[in-house]
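Engineer:
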Amino acid sequence: MLILMESEGGAERWQKAGGALLCLLAVVWMAWVVAGLAWLMSGHDSSTLRMPPAESRRVIVPAADISLLASYNLFGQSALVPATGAAENAPDTSLQLRLTGVFVSVDPMRSSAIVADSSGQAGKLYRVEETLPGGATLESVFEDRILLRRTTGSEILRFEKTSLLDGKPVVRPGSLSSGTTQGSGPGVGGAVAPDVRQMLADAATAMTDSPVEFLREMGLRRNGRGYEVSADAPENLRNTVGLKPGDRLLSVNGRQLGDAEADRALLDELKSGGTARVEIQRGGQIVTVERKF
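In the numbering used here, the protein residues as written are 1 to 293.
#1: Tell me the DSSP secondary structure of T152 in three-state form.
#2: How should A64 be labelled, buried or exposed, when 16 other C-beta atoms within 10 angstroms of its C-beta is the threshold for buried?
#3: DSSP puts S251 in a beta bridge; with which residues?
#4: Look at the alpha carbon of E139 and the alpha carbon of V115, and state the distance between them as a whole number of angstroms.
#5: Around the C-beta of A113, are 16 or more other C-beta atoms found within 10 angstroms, so that it is buried, or is it exposed?
#6: Take R248 and list the residues in its own chain whose beta-carbon comes closer than 6 angstroms to its own, dropping the five residues that flank it on each side.
#7: Which residue marks the beginning of the beta strand (DSSP E) containing R221, and which one marks its end?
#8: Can you tell me the Cα-Cα spacing of E160 and L148, whole angstroms?
#9: Report the option in L250, K124, E155 whose CA atom is closest to the CA atom of F103.
#10: Please state the DSSP three-state secondary structure of Q77.
#11: Please determine, among R127, A262, T152, A276, the residue with the shortest C-alpha to C-alpha distance to S94.
#12: Is E139 helix, strand or coil by DSSP?
#13: For S251, is the classification buried or exposed, using 16 other Cβ atoms within 10 angstroms of its Cβ as the cut-off for buried?
#14: Could you compute how far the alpha carbon of P234 sits from the alpha carbon of F214?
#15: Please classify T93: does DSSP put it in a helix, a strand, or coil?
#16: Pull the bridge partners of G101 from the DSSP assignment, please.
#17: Measuring straight from C-alpha to C-alpha, what distance separates T130 and S111?
Set out below in structure tokens:
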């Protein structure tokens with residue numbers, strides 16, 4: 001009987017101990033859950049959330065409309081120098097002036113011209129809107145002429161026409177320029193000394209006998225479009241026309257250079273006298289100078 005009562009008392013004690021253990025586990029679990037929530041809400045969780053994989057989709061991008069892009073003029077518009085209108089229809093000026101060089105810029109307001117008066121001195125550089133000798137204003141600059149503005153209206157000043165210069169040069173793109181001084185640079189002076197004509201005569205003969213040797217001695221190289229001037233070019237040749245190393249001789253009186261036979265014939269014409277308008281490429285510009293022989 002005593003043994004049965006002790007057995008029943010032990011079971012009751014175990015039941016109480018088990019219940020206390022379950023309550024303790026429950027409290028610990030609740031504390032862990034609450035602590036986890038507090039940790040998340042405080043922003044300390046650095047784990048990366050992974051998005052569910054998206055479905056593969058093919059995106060078609062429409063092709064760019066190049067013509068539409070071009071219409072936006074993202075890089076600006078090139079300036080065009082018109083060769084019609086007043087420049088064609090205006091009468092020749094009555095002023096005693098001589099056009100010896102022009103500089104046609106892509107910006108018309110930055111163009112300029114070399115103009116000489118009747119005194120016989122070398123021409124001076126005039127920019128658009130500046131006043132020329134005689135009171136005329138330089139209005140526009142073109143490759144073969146300039147437009148003057150006077151109180152009576154617009155007038156044209158052209159390059160002089162001679163037996164070698166027909167006044168109708170071949171139009172080529174690019175800017176035109178000319179210097180003003182004699183001897184040291186491009187320009188137009190008075191009569192050329194006889195030794196220059198003799199040099200042209202000798203050049204024509206050498207061009208006939210040995211074109212390759214002649215070009216080498218003159219410091220000229222064919223480059224597919226005229227001749228390129230090297231540092232070996234004689235000083236008198238550079239000073240006569242105002243050439244610099246790297247310049248390219250493109251044409252004379254509108255006739256393109258580069259063909260030995262045609263160039264020899266041109267030298268023969270020049271040595272007999274007249275006027276030569278030489279077109280030279282210098283960097284990104286086209287230099288036009290005029291010389292009398």
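Using N, Cα and C, we set each Cβ at its ideal position, and we do this for glycine too.
Structural biologist: The structure says:
#1: Reduced to three states, the DSSP call for T152 is coil.
#2: Its pLDDT being 43, under 50, A64 is placed unreliably by the model, and the measurement read from it follows with that caveat. Looking at its Cβ environment, which holds fewer than 16 other Cβ atoms inside 10 Å, A64 is exposed.
#3: According to DSSP, which records beta bridges pairwise, S251 is partnered with Q256, E279.
#4: 13 angstroms
#5: buried
#6: Sequence-distant partners of R248 (beyond 5 residues in either direction) whose C-beta falls short of 6 angstroms from its own C-beta, in its chain, are G226, E228, Q281.
#7: 220–222
#8: 16 angstroms
#9: K124
#10: In this prediction, Q77 scores a pLDDT of 38, lower than 50, which makes its location untrustworthy; the coordinate-derived value is nonetheless stated afterwards. Reduced to three states, the DSSP call for Q77 is coil.
#11: T152
#12: strand
#13: buried
#14: 12 angstroms
#15: coil
#16: Bridge partners of G101: I114.
#17: According to the sequence provided, residue 130 is Glu. The question's Thr does not apply to it. Roughly 11 angstroms between the two C-alpha positions.
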